[in-house]
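To keep things clear, I will list the structure first and then write my remarks on it.
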Amino acid sequence: MMKMFEEMFGKKLPIIGVVHLQPLPGAPRYEGMSMKEITRAAIEEAKAMSENGVDGLIVENFRDMMFKKRVGPETVASMTYVASEIVKSVSVPIGLCVLQSDAISALAIAKAVGGKFIRVPYYTETYIVDAGMMESIAADALRFRKMIEARDVKIFADVHIKHGYSLSRRPIEESAEDAYERGLADAVIVTGKKTGGKTKPEDVFSGQTPLFTVR
Numbered sequence: 030m031m032k033m034f035e036e037m038f039g040k041k042l043p044i045i046g047v048v049h050l051q052p053l054p055g056a057p058r059y060e061g062m063s064m065k066e067i068t069r070a071a072i073e074e075a076k077a078m079s080e081n082g083v084d085g086l087i088v089e090n091f092r093d094m095m096f097k098k099r100v101g102p103e104t105v106a107s108m109t110y111v112a113s114e115i116v117k118s119v120s121v122p123i124g125l126c127v128l129q130s131d132a133i134s135a136l137a138i139a140k141a142v143g144g145k146f147i148r149v150p151y152y153t154e155t156y157i158v159d160a161g162m163m164e165s166i167a168a169d170a171l172r173f174r175k176m177i178e179a180r181d182v183k184i185f186a187d188v189h190i191k192h193g194y195s196l197s198r199r200p201i202e203e204s205a206e207d208a209y210e211r212g213l214a215d216a217v218i219v220t221g222k223k224t225g226g227k228t229k230p231e232d233v234f235s236g237q238t239p240l241f242t243v244r
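Residue numbers for the sequence shown follow my numbering, so the first one is 30 and each next one is one higher.
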């Protein structure tokens, strides 16, 4: 995994920032902001981070809450447009995270815009979240990635994801091992209990599975 990070980001322990998009068309908080305005704000955020030492960026529809399990074509179109403009504007690797946990859409967008990785919040196991029950999408994501010939788009998978509760109730190191070994994730993400919440050091350094932390 460290070799993959070094090849992608130029270092073994990269800092990856998140570009939180303004509410997109169709989202509850969308108030008619044009796509050009949304894109301009996203590019400013991306440039600010990339010019100040961030090694990579994730483009995420963070402000589209309340989230659906799978997004509609309006969100895919909007995120594709914004992400393509960000890719043109910065030199660091770009990834996609399509919330709630739409790995299929994220892979499709990454393939279209030249994204290098995706983040998948609910990749393996079954979770209870505010949007209902989230089941594993690993098998579908891997097959879809194969079908569209996007093997170079890496999958960063969350385990014991924030805001979610795994029905398996297993130790995090077991969940991480399954995501990596059986789910074939390229990297594993560990978070706290909520956005901005602290990540427990003992979770990060559990077992031998390579873990990647995000707050």
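Here a beta-carbon is modelled for each residue, glycine too, at the ideal position from N, C-alpha and C.
Where the alpha helix (DSSP H) through residue i begins and ends
i	result
Ala216	Looking at the DSSP string, Ala216 is not in any alpha helix (DSSP H); the run it does join, the beta strand (DSSP E), is 216-219.
Lys27	Residue coverage of the chain in this structure runs from 30 to 244, which leaves residue 27 outside it and unanswerable.
Arg172	167-176
Arg69	64-79
Met37	31-38
Glu202	201-210
Tyr156	Tyr156 -> not in any alpha helix (DSSP H); beta strand (DSSP E) instead, spanning 156-158.
Alpha-carbon to alpha-carbon, residue j and residue i
i	j	result
Lys40	Val182	18 Å
Ser134	Met176	14 Å
Val149	Ala168	13 Å
Pro43	Gly101	32 Å
Lys76	Met95	28 Å
Ala56	Ser165	24 Å
Arg244	Val47	With a pLDDT of only 39 at Arg244, under the threshold of 50, the placement of this residue in the model should not be trusted; the figure read from the coordinates follows. Distance between the alpha carbons of Arg244 and Val47: 10 Å.
Val83	Ile45	6 Å
Met62	Gln51	9 Å
8 Å contact criterion, which residue i and residue j should meet: CB distance rounded
i	j	result
Ala186	Thr153	7 Å
His192	Val158	6 Å
Thr104	Leu53	6 Å
Val142	Val121	The pair is not a contact, with the Cβ atoms about 14 Å apart (cut-off 8 Å).
Ile184	Asp215	5 Å
Ala170	Ala132	4 Å
Same chain, Cβ closer than 6 Å to residue i, five either side skipped, listed in chain order
i	result
Leu125	Val88, Ala135, Ile138, Ala139, Gly144, Ile147
Range covered by the beta strand (DSSP E) that runs through residue i
i	result
Ala186	183-188
Val149	146-149
Contacting residues, own chain, Cβ-Cβ under 7 Å from residue i (five flanking each side not counted)
i	result
Met248	Since the first residue shown for the chain is 30 and the last is 244, residue 248 is missing from the structure and cannot be characterised.
Distance cut-off 7 Å: residue i Cβ against heavy atoms of the ligand NAP
i	result
Ile72	This structure simply doesn't include the ligand NAP, nor any ligand for that matter.
Beta-carbon proximity list for residue i, same chain, < 8 Å, skipping 5 on both sides
i	result
Asn71	Checking the sequence, you will find Ala at residue 71 rather than Asn. Once the five neighbours on either side are set aside, the close Cβ partners of Ala71 are Val48, Leu50, Gln51, Val88, Val111, Glu114, Ile115.
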